[in-house]
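Number of protein chains: 4
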Amino acid sequence: MPIRVTVWHEYRHEKRNEQVRKLYPDGMHQTLATYLKTLGGIEVRTATLDEPEHGLSQSIVDTTDVMLWWGHMAHAEVQDTIVSRVQSRVLAGMGLVVLHSGHHSKIFKRLMGTTCNLKWRDEGGREALFVTKPGHPILAGIDDHFVLEHEEMYGEYFDVPEPDELLLISSFSTGEVFRSCMTWQRGVGKIVYFRPGHETYPSYHNPQVLRIIGNAVRWAAPVDGGKVPEGCPNPSPDWLKTKPD
Amino acid sequence: MPIRVTVWHEYRHEKRNEQVRKLYPDGMHQTLATYLKTLGGIEVRTATLDEPEHGLSQSIVDTTDVMLWWGHMAHAEVQDTIVSRVQSRVLAGMGLVVLHSGHHSKIFKRLMGTTCNLKWRDEGGREALFVTKPGHPILAGIDDHFVLEHEEMYGEYFDVPEPDELLLISSFSTGEVFRSCMTWQRGVGKIVYFRPGHETYPSYHNPQVLRIIGNAVRWAAPVDGGKVPEGCPNPSPDWLKTKPD
Amino acid sequence: MPIRVTVWHEYRHEKRNEQVRKLYPDGMHQTLATYLKTLGGIEVRTATLDEPEHGLSQSIVDTTDVMLWWGHMAHAEVQDTIVSRVQSRVLAGMGLVVLHSGHHSKIFKRLMGTTCNLKWRDEGGREALFVTKPGHPILAGIDDHFVLEHEEMYGEYFDVPEPDELLLISSFSTGEVFRSCMTWQRGVGKIVYFRPGHETYPSYHNPQVLRIIGNAVRWAAPVDGGKVPEGCPNPSPDWLKTKPD
Amino acid sequence: MPIRVTVWHEYRHEKRNEQVRKLYPDGMHQTLATYLKTLGGIEVRTATLDEPEHGLSQSIVDTTDVMLWWGHMAHAEVQDTIVSRVQSRVLAGMGLVVLHSGHHSKIFKRLMGTTCNLKWRDEGGREALFVTKPGHPILAGIDDHFVLEHEEMYGEYFDVPEPDELLLISSFSTGEVFRSCMTWQRGVGKIVYFRPGHETYPSYHNPQVLRIIGNAVRWAAPVDGGKVPEGCPNPSPDWLKTKPD
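Chains as they are written, first to last, in this note's numbering: chain Y, 12 to 256; chain Z, 12 to 256; chain P, 12 to 256; chain D, 12 to 256.
Given below as structure tokens:
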């Protein structure tokens, strides 16, 4: 059974900014989708903000195993009903890979419960990403560190809940640090945040960045038998089939 | 400086159910407040659902260091603006101690990002609570386990994010188990969930239960210098006072 | 590439106790090996205490991806040099699945740094195991709980470090609870502890128990590129290939 | 009741290296002890490698609530029996604050179960330490970051178990990052690792570094009622005083 991926993208910067369009002529979502299609066992669709229901109809969401999310300038335009739809699906087991400025998306803030604020400054300096959990499946094929020559700076404190796993820490040429790859579980759904990907830099053409995104998709895919939690208002008085002595 | 505590209580069951009123003649909030006042270094106020703004005006919330929260039948009546006010204050450092059926309160679900569902059945059986993190300040004075003769059953899976700390696991006479004391941090605020306290049982007269609630208040109190995270939209280009070489 | 598994077993009880021999005529290790061989992509060897070097020569250890460990009455007979050999291999990436009374093995205590003590009593009561992390790969195919009619009791406090993940909590018919499936990482190696398997009960013939052990083997297998940490006394002055600006 | 602190120091560099002796004329242990004595509610002793039993007789260890540990060039000279003595006391509740090159001490490696290797290079560059858990008691009085103008570099991957809490991340002027303040619990004992303190730099005269060490001492002090875990070989058939129905 292939993993059914939906790459969701705000897709506004590419339409307005020539620099971005040169890097991602068909939009970042297409760049990411093209990469994911080269991997085996993955089916890929894309969805964007300006489509009806942001491309996230109930049937699309219900048949998505892992969703990628990139947004930045138009977080506020995402309808709350669609956010609730995606949240419910995550809690029921769908993986969610939140990229870069998606840290301030409604769906990420809803799942985290915090401001998701961070420090930032776009000076295009160097980002070096260091592995802090070698052997994690999301880091398969990644050495002890890798470098992006030009990226936007994100700095701590990043106001998110304590992650279940901290996989990468970035340092920037201006001296700041950032927890740049983390995972959380919410309900039965696995969530990954991965920092790189400012629209004016070619990070989604970098082999290590793409490798990590591909690994994250596989890692976040639902596991057979991971059940939607039952609960109120449907208590099950006889669920414990074998009664105690 | 004393810890300024606000005990928030739905305060409905006591008005309608004689059994509850016998256990808590002035309401659970008064029972809890009376206990907390016996501890040194704590100032206690109470607030209830049916007061204006649920007793949680901006000035009350702003001058609260730790809030306790008990609700059950009227979660839906809590206004969203008050929930947002309390959430902001938690993220800025206020401690929050959520009790029993408060697991389904708007404020707890908002901070957790999950359904907070669980299995439950009220048969009044025995609950035994076992320590899984001896030496934690919230468990000061508690032996390796303690027993409540009659309580409502809560069972796993409890749909909350992975806790930062798991302090107690309950077993019930019908065989189920439950993670019954856990902590999380959201923003700078410390959150404790503590399971016992069904309105028809005298759990808030139990010395160990009270001891844990008192300990939790002290543990969740803000720490000097725990700052509200700064962030977008106020980047600070010169915050790194000492520039790298 | 198949996962290369070595099932290590003390293999003493079966030789001395008819009740155990009836349950596991060729030893528990053969029962477990036979099951693992039915799964695809796994190669299985066994090794036992009374073989030379306990069956764990350097070449065997070096070519093992995941090791299972069951021991009980003869922990003290395991040579310290073999323990060190296994520990080094775990830190370099080998998975280790510690079963039942293996909690008191030298290798587990070495990796945990604690006493690994627990409460126990063998009355053959019922054990019910409840899922606390639905959707985890080790729990694939497992419902919200399952029951073993007869098992030895293990009770908290279990003196191990805070686990990276808590997957199952057991309750016993006598009322105690136990964290019965947990994971840790040490170095690059993944470690799983799984409680069931007292020698006088047929737990390793139970389909859910076997399913979890098989899942644990897959989960603990090394990931491509998970590197042995470099370190002192071999600093690498030029490892940061791209120098900061 | 005051917290009884023992500052343990290898105390070799000061005797051999004039640069170190200028910074710490009576040894680092005296500098640290002098600071701790300025805080209320703390009693301080010191102990050094070259004293009988390294200054850590059974009675000294038994009456210590929190031990600080700094070692570097002579880790191998610490006797294994003393290491075992300290380990047992940690598991029973004594706090342990491991400083800088103490990461490679026998006691720390014993408690961690890993190599505790890291990358390092001594070029005396700048270290900036960023808070990742604002509001933690160990960070009381610390702003969002602070800077040490000259320190040795330590870099990831630092081969320690996943910490219970990550409090500070350092960046160095050469671009590396390091998790520079972390906590773990082993048995009932609380362990803190804090990175700064290379012997040729004046880090233990820095007010923020001292503040954090003082905070760590308070945080790691034993809590009333945190019991030594009981366990094998002393099962307690009647420990569950209230039997289930």
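Each residue gets a CB set at the ideal place from its N, CA and C atoms; glycine is no exception.
> Leaving out the 5 sequence neighbours to the left and right, which residues in its chain are closer than 7 Å to residue 15 of chain P when beta-carbon positions are compared?
Replying inline: Position 4 of the third sequence, counting from 1, holds the residue named residue 15 of chain P. The answer, listed in chain order, is 54, 74, 75 and 76.
>> With the cut-off set at 8 Å, would you say residue 141 of chain D and residue 155 of chain D are in Cβ contact?
In response: Residue 141 of chain D sits at position 130 when you count from the first residue of the fourth sequence. Residue 155 of chain D sits at position 144 when you count from the first residue of the fourth sequence. Contact flag set, yes.
> Could you give the distance in angstroms between the alpha-carbon of residue 194 of chain P and the alpha-carbon of residue 48 of chain Z?
Replying inline: Here residue 194 of chain P corresponds to residue number 183 of the third sequence, with the count starting at 1. Here residue 48 of chain Z corresponds to residue number 37 of the second sequence, with the count starting at 1. Cα to Cα, the separation comes out at about 42 Å.
> Between the region 170-192 of chain P and chain D, which residues of the former have CB atoms less than 7 Å from a CB of the latter, in chain order?
Replying inline: 170, 172, 173, 175, 185, 186 and 187
> Across which residues does DSSP place residue 138 of chain Z in a beta bridge pair?
Replying inline: Locating residue 138 of chain Z in the second sequence gives position 127, where the first residue counts as 1. Residue 138 of chain Z pairs with Z:159 and Z:183.
>> I need the straight-line Cα distance from residue 85 of chain P to residue 66 of chain P, nearest angstrom please.
In response: Here residue 85 of chain P refers to the residue found at position 74 when the third sequence is read from its first residue. Here residue 66 of chain P refers to the residue found at position 55 when the third sequence is read from its first residue. Each residue's alpha carbon lies about 15 Å from the other.
> Is residue 44 of chain P closer than 8 Å to residue 236 of chain Y when the C-beta atoms are compared?
Replying inline: As a first step, residue 236 of chain Y must be located in the first sequence, where it is residue number 225. As a first step, residue 44 of chain P must be located in the third sequence, where it is residue number 33. Not a contact, by the Cβ cut-off of 8 Å.
>> Between which residues of its own chain and residue 72 of chain D is the CB-CB distance below 7 Å, once the five residues before and five after are set aside?
In response: Mapped onto the fourth sequence, residue 72 of chain D falls at position 61. Answer for residue 72 of chain D: 96, 97 and 100, listed in chain order.
>> I need the DSSP call for residue 30 of chain D, collapsed to helix, strand or coil.
In response: Along the fourth sequence, read from residue 1 onward, the residue named residue 30 of chain D stands at position 19. Of the three classes helix, strand and coil, the one that applies to residue 30 of chain D here is helix, per DSSP.
>> Rounded to whole angstroms, what is the Cα-Cα separation between residue 59 of chain D and residue 19 of chain D?
In response: For the purposes of this step, residue 59 of chain D is identified with residue 48 of the fourth sequence, where counting begins at 1. For the purposes of this step, residue 19 of chain D is identified with residue 8 of the fourth sequence, where counting begins at 1. Whole-angstrom Cα-Cα distance: 6 Å.
> Quick one, which residues of the region 133-147 of chain Z are near chain P if we go by CB-CB under 7 Å, in chain order?
Replying inline: 139, 141, 142, 143 and 145
> With 16 as the cutoff for other CB atoms within 10 Å, does residue 124 of chain D come out buried or exposed?
Replying inline: Taking the fourth sequence and counting its residues from 1, one reaches residue 124 of chain D at position 113. Buried, since its Cβ has 16 or more Cβ neighbours within 10 Å.
>> Against residue 168 of chain Z, what residues of chain P qualify as contacts under a CB-to-CB distance less than 8 Å, listed in chain order?
In response: Mapped onto the second sequence, residue 168 of chain Z falls at position 157. Neighbours of residue 168 of chain Z on chain P, chain order: 141, 142, 143, 145 and 155.
>> Spatial neighbours of residue 31 of chain Z within its chain, please: C-beta separation below 8 Å, excluding the five flanking residues on both sides.
In response: The residue labelled residue 31 of chain Z in the question sits at position 20 within the second sequence. Closer than 8 Å at the Cβ level, and outside the excluded window around residue 31 of chain Z, lie 24, 25, 210 and 211.
> Among D:115, D:205, D:184 and D:93, which has the Cα closest to the Cα of residue 160 of chain D?
Replying inline: For the purposes of this step, residue 160 of chain D is taken as the residue at position 149 of the fourth sequence. Closest by alpha carbon: D:184.
> How long is the line joining the alpha carbons of residue 79 of chain Z and residue 110 of chain Z, rounded to whole angstroms?
Replying inline: Indexing the second sequence from 1 puts residue 79 of chain Z at position 68. Indexing the second sequence from 1 puts residue 110 of chain Z at position 99. Whole-angstrom Cα-Cα distance: 7 Å.
>> Please list, in chain order, the chain Y residues whose beta carbon lies closer than 9 Å to that of residue 102 of chain Z.
In response: Translated into the one-based positions of the second sequence, residue 102 of chain Z becomes position 91. In chain order: 124, 125, 126 and 170.
>> DSSP three-state label for residue 238 of chain Z, please.
In response: Position 227 of the second sequence, counted from the start, is the residue given in the question as residue 238 of chain Z. If DSSP states are grouped into helix, strand and coil, residue 238 of chain Z belongs with coil.
> For residue 111 of chain Z, which three-state DSSP category applies?
Replying inline: By 1-based counting over the second sequence, the position of residue 111 of chain Z is 100. Three-state DSSP puts residue 111 of chain Z in a helix.
> residue 201 of chain P lies in the alpha helix (DSSP H); which residues open and close that run?
Replying inline: The count along the third sequence starts at 1 and reaches residue 201 of chain P at position 190. Careful: residue 201 of chain P lies outside any alpha helix (DSSP H), inside the beta strand (DSSP E) at 200-205.
> Using 8 Å as the limit for Cβ to Cβ distance, is residue 195 of chain P near chain D?
Replying inline: Translated into positions along the third sequence, residue 195 of chain P becomes position 184. It does: the Cβ of residue 195 of chain P has a partner Cβ on chain D nearer than 8 Å.
>> Going by DSSP in three states, residue 178 of chain D sits in which element: helix, strand or coil?
In response: Your numbering for residue 178 of chain D matches position 167 in the fourth sequence. The answer is strand: DSSP assigns residue 178 of chain D an E or B state.
> Going along chain P, which residues have a C-beta under 8 Å from residue 150 of chain Y?
Replying inline: Numbered from its first residue, the first sequence carries residue 150 of chain Y at position 139. Per Cβ cutoff of 8 Å: 234, 236 and 237.
>> List, in chain order, every chain D residue whose beta-carbon is nearer than 8 Å to that of residue 121 of chain P.
In response: Here the question's residue 121 of chain P lines up with position 110 in the third sequence. Near residue 121 of chain P (Cβ distances below 8 Å), the residues of chain D are 124.
> Applying a beta-carbon distance threshold of less than 7 Å, which residues of chain P neighbour residue 199 of chain Y?
Replying inline: What you label residue 199 of chain Y is simply residue 188 of the first sequence in a count that begins at 1. Under the 7 Å cutoff, chain P gives 145 and 146.
> Is residue 115 of chain D near the ligand SAH, judged by its Cβ being under 7 Å from some heavy atom?
Replying inline: The ligand SAH is absent from the structure shown, which contains no ligand whatsoever.
>> The alpha helix (DSSP H) that contains residue 123 of chain Z, what's its start and end?
In response: Locating residue 123 of chain Z in the second sequence gives position 112, where the first residue counts as 1. Note, residue 123 of chain Z: alpha helix (DSSP H), 117-123.
> Which whole-angstrom value describes the C-beta separation of residue 206 of chain D and residue 165 of chain D, a residue pair presumed to lie in contact below a C-beta threshold of 8 Å?
Replying inline: Counting from one through the fourth sequence, the residue named residue 206 of chain D turns up at place 195. Counting from one through the fourth sequence, the residue named residue 165 of chain D turns up at place 154. The Cβ separation is near 6 Å, so the contact holds.
> Which value, in whole angstroms, describes the spacing of the CA atoms of residue 204 of chain D and residue 173 of chain Z?
Replying inline: Taking the first residue of the fourth sequence as position 1, residue 204 of chain D is located at position 193. Taking the first residue of the second sequence as position 1, residue 173 of chain Z is located at position 162. When rounded, the distance between both Cα atoms is 24 Å.
>> Just checking: is the beta-carbon of residue 24 of chain Y within a distance shorter than 8 Å of some beta-carbon in chain Z?
In response: Locating residue 24 of chain Y in the first sequence gives position 13, where the first residue counts as 1. False, the Cβ-Cβ gap to chain Z never drops below 8 Å.
> Can you tell which of Y:181, Y:228, Y:87 and Y:46 has its C-alpha closest to the C-alpha of residue 217 of chain Y?
Replying inline: Working through the first sequence from its first residue, we reach residue 217 of chain Y at position 206. Closest option to residue 217 of chain Y, Cα to Cα, is Y:46.
> What are the complete beta strand (DSSP E) segments, minimum 3 residues, inside the region 59-105 of chain P?
Replying inline: 77-81
> What is the rounded straight-line gap between the Cα of residue 121 of chain P and the Cα of residue 168 of chain D?
Replying inline: Within the third sequence, residue 121 of chain P is the residue found at index 110, counting from 1. Within the fourth sequence, residue 168 of chain D is the residue found at index 157, counting from 1. Cα to Cα, residue 121 of chain P sits roughly 21 Å from residue 168 of chain D.
>> Less than 8 Å between the C-beta atoms of residue 139 of chain Z and residue 186 of chain P, yes or no?
In response: Taking the first residue of the second sequence as position 1, residue 139 of chain Z is located at position 128. Taking the first residue of the third sequence as position 1, residue 186 of chain P is located at position 175. Against a cut-off of 8 Å, the Cβ pair of residue 186 of chain P and residue 139 of chain Z comes out as a contact.
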